[in-house]
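This report refers to the structure that appears directly beneath it.
Protein chains: 2
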Amino acid sequence: MTPKKIGSGRRGRGRPQSFDREQTLCAAMRLFWDRGYDGTSFDDLIAAMGISASSFYNAFGSKEALYQEAIDAYLKVAGAWFFAALQEDTDTRTAFLHLMTAAAAEFTRDDLPSGCMIAVAATQCAPAQTRLRDLLASQRTRSEAEMTDRLRRGIAAGDLPADTDIEALAAFYGSLLRGMAVQARDGASRARLLEIARIAMQAWPVTQELHPPETLPHSYAQSP
Amino acid sequence: MTPKKIGSGRRGRGRPQSFDREQTLCAAMRLFWDRGYDGTSFDDLIAAMGISASSFYNAFGSKEALYQEAIDAYLKVAGAWFFAALQEDTDTRTAFLHLMTAAAAEFTRDDLPSGCMIAVAATQCAPAQTRLRDLLASQRTRSEAEMTDRLRRGIAAGDLPADTDIEALAAFYGSLLRGMAVQARDGASRARLLEIARIAMQAWPVTQELHPPETLPHSYAQSP
DNA sequence: TTTTTTTTGGTGTCATCACTCCACAAATCC
DNA sequence: GGATTTGTGGAGTGATGACACCAAAAAAAA
């Protein structure tokens, strides 16, 4: 049941797996990313992965199981920029600026499908696919919780007003990210997404750190 | 071929249509809205509409044709608040505030499916459904153009800085709306969406009315 | 070599899908 | 009433969906 990892020390007894599991998983991920779960047929999958139906079931179990693995792979490989931005060692505002900027860049890469695999997936689906829908929704919730945590740390670090509604602010940036993913899917350019990100940062709560009293608007009136 | 309109003056020769076309179309719209095109099966459709398969094809032609009609119906009936907000006779900022507020309310009605039928539909789909995908994408483009127009009128009316990047601003609010639709689908409360809308309005470009020029240097509005 | 494991191709299954056809019932006009 | 038009239920269509099974080949460890 436990699939042997290829090329990592321990070797099984029989004929080794002739395909790179990670590589075929990646191919499946791209297809799912581009077409969604429903839009990706079994035949398309094994064709893109370059393996036979039997090998497919042997290695991945089912289409749904593969999809779950593909999501994990997406989070690890393609979604790394998200967590990286939130763990950056900067002030909170800069972290979110980088997050939005990275999103604009990542959503419009020409070596990967546009947009995000998770952001808007399975929001409308047949009742039979409640499992997948919940899975995707919980991933979205998780990524928003990740942002909330970063904001909380910002308050602790003192670079965000203590009375900031961090859940709402995380929901705001979460919404933006999802909307940007749709824009990217619809063909928006990277420049356009960067503009959106720039505007989004205007909504950042005003802090003492970023705008010290002497640079606040009212004192500008008296500078030469 | 042209379907007779029920109860409107001219009457055909044979047996009249026994169902209200508008009503059955509305039922189909709700189903498509909730489950998407793929997620809605033919059998589910005729069950919800309360008509037979024959009547269905007689009246609507095909599933895809019905979907297009459903989108038109959605725009006229359920999406009316969008156009209404943009045609409101107020200043531009208030119009967009009302737009976002209305979205928060409309996306979380308990008498209709949550979210938006168009906002995030068919972003990931099988290659065979390029037609639908393009149809939805063009509707999204159109709604964004509608916002751009309103912003343009705002500049003409002088309540928006003349150098505002109105396309980018429209894309920003368009992204937000789509993201909010996803949030609503994932179960976000109306209060949460209203919070997002509130934060989004913080990004509104600085205007003379709100911040007289002598108290706000232009550099304040640009990102680092 | 034997054993073990995984490969491949092909064929079959069972369900669902969107759609179609048909015979006939019902409602309106002449 | 007869003609005309549209309704209905129900059975059937071909296509596609995701699998499942099988036999035989291949490759490596024992």
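Line order of the protein sequences matches chains A and B. For the first sequence, the positions run 19 to 242 when our numbering is used. For the second sequence, the positions run 19 to 242 when our numbering is used. The C-beta atom is built at its ideal place from N, Cα and C for all residues, glycine as well.
Would you say residue i lies against chain A (beta-carbon separation less than 8 Å)?
i, result
"MET198 of chain B", "yes"
"ILE4 of chain B", "No answer is possible for residue 4 of chain B: it lies beyond the span of chain B, which begins at 19 and ends at 242."
"THR141 of chain B", "yes"
"ARG111 of chain B", "no"
"ARG160 of chain B", "no"
"ALA180 of chain B", "no"
"SER207 of chain B", "no"
"ALA45 of chain B", "no"
"ALA175 of chain B", "no"
"ASP167 of chain B", "no"
"ARG170 of chain B", "no"
"ASP90 of chain B", "no"
"LEU104 of chain B", "no"
"ARG210 of chain B", "yes"
"ALA144 of chain B", "yes"
Does DSSP put residue i in a helix, in a strand, or in coil?
i, result
"SER26 of chain B", "Since pLDDT at SER26 of chain B reaches only 34, below the 50 mark, its modelled position is unreliable, and the value read off the structure follows with that caveat. Three-state result, SER26 of chain B: coil."
"LEU178 of chain A", "coil"
"PHE78 of chain A", "helix"
"SER70 of chain A", "coil"
"ASP167 of chain A", "helix"
"LEU130 of chain A", "coil"
"GLN35 of chain A", "coil"
"VAL224 of chain A", "coil"
"ALA218 of chain A", "helix"
"HIS229 of chain A", "Confidence at HIS229 of chain A is low in this model, with a pLDDT of 46, below 50, so its placement is unreliable and the value that follows should be read with caution. Coil, per DSSP."
"VAL138 of chain A", "coil"
"GLY97 of chain B", "coil"
"CYS44 of chain A", "helix"
"PHE162 of chain B", "The sequence as given places Glu at residue 162 of chain B; Phe does not occur at that position. Three-state result, GLU162 of chain B: helix."
"GLU106 of chain A", "coil"
"PHE125 of chain B", "coil"
"GLY205 of chain A", "coil"
"SER59 of chain B", "coil"
"ASP183 of chain A", "coil"
"ALA144 of chain B", "coil"
Candidates the options: which alpha carbon is nearest residue i's?
i, options, result
"PRO34 of chain A", "A:GLU87, A:ALA77, A:ASP128, A:LEU150", "A:ALA77"
"LEU49 of chain B", "B:THR110, B:LEU84, B:ARG149", "B:LEU84"
"GLU185 of chain B", "A:THR148, A:TRP51, A:LEU212", "A:LEU212"
"GLN142 of chain A", "B:ALA46, B:ASP52, B:GLY32", "B:ASP52"
"SER80 of chain B", "B:LEU115, B:LEU63, B:VAL95", "B:LEU63"
"GLN245 of chain A", "A:GLU87, A:ALA139, A:GLY172, A:GLY54", "Residue 245 of chain A is absent from the model: chain A starts at 19 and stops at 242."
"VAL224 of chain B", "B:ASP183, B:SER70, B:ILE214", "B:ASP183"
"ALA113 of chain A", "A:THR58, A:ARG196, A:MET47, A:GLU164", "A:GLU164"
"PHE125 of chain A", "A:THR110, A:ALA180, A:GLY197", "A:GLY197"
"THR166 of chain B", "B:ALA144, B:THR110, B:ALA140, B:ALA137", "B:THR110"
"SER36 of chain B", "B:PHE74, B:ARG168, B:ALA46", "B:PHE74"
"TYR55 of chain B", "A:ALA144, A:THR42, A:ALA174, A:MET47", "A:ALA144"
"LEU169 of chain B", "B:ILE214, B:ALA215, B:LEU115, B:ALA140", "B:LEU115"
"ALA66 of chain B", "B:SER72, B:CYS44, B:GLY57", "B:CYS44"
"ILE89 of chain B", "B:ALA146, B:SER70, B:ARG151", "B:ARG151"
"ARG216 of chain B", "B:THR148, B:ALA123, B:THR42", "B:ALA123"
"ARG210 of chain A", "B:PRO179, B:MET47, B:SER70, B:LEU187", "B:LEU187"
"ALA175 of chain A", "A:ASP61, A:ASP38, A:PHE60, A:ASP107", "A:ASP107"
Consider the Cβ of residue i: report whether some Cβ of chain B lies at a distance smaller than 8 Å.
i, result
"GLN201 of chain A", "yes"
"LEU213 of chain A", "The residue asked about is misnamed: residue 213 of chain A is Glu in this sequence, not Leu. Yes, GLU213 of chain A lies at the interface with chain B (some Cβ there is under 8 Å from its Cβ)."
"GLN157 of chain A", "no"
"ILE217 of chain A", "yes"
"PRO242 of chain A", "Because PRO242 of chain A sits at a pLDDT of 36, beneath the cut-off of 50, its placement in the model cannot be relied upon, and the following sentence gives the value as read from the coordinates. Judged by the 8 Å Cβ criterion, PRO242 of chain A is not in contact with chain B."
"LYS23 of chain A", "Only weak support exists for where LYS23 of chain A lies, its pLDDT of 38 falling under 50; the coordinates are left without a value."
"PHE243 of chain A", "Residue 243 of chain A lies beyond the stretch modelled for chain A, which goes from 19 to 242, so this question has no answer here."
"ASP61 of chain A", "no"
"GLU227 of chain A", "Here GLU227 of chain A scores only 48 on pLDDT, less than 50, and its place in the model should not be relied on; the value that follows carries that caveat. So no, GLU227 of chain A is outside the interface."
"VAL138 of chain A", "yes"
"ASP38 of chain A", "no"
"GLY32 of chain A", "no"
"GLN220 of chain A", "yes"
"ASP52 of chain A", "yes"
"MET127 of chain A", "Per the sequence shown, the amino acid found at residue 127 of chain A is Arg instead of Met. Not an interface residue."
"LEU195 of chain A", "yes"
"LEU187 of chain A", "yes"
"GLN35 of chain A", "no"
Problem - Three CB pairs or more closer than 8 Å across the region 158-170 of chain B and the region 147-164 of chain A - result: no
Exercise for the section: For the region 189-198 of chain A and the region 122-131 of chain B, state whether three or more C-beta atom pairs, one from each stretch, are separated by less than 8 Å. Expected result: no
Practice task
Could you tell me whether the region 198-212 of chain A touches the region 201-219 of chain B, where touching means 3 or more Cβ pairs closer than 8 Å?
Solution key: no
Exercise for the section: Check whether the region 91-100 of chain A touches the region 87-107 of chain B, taking contact to mean three or more Cβ pairs, one atom from each stretch, closer than 8 Å. Expected result: no
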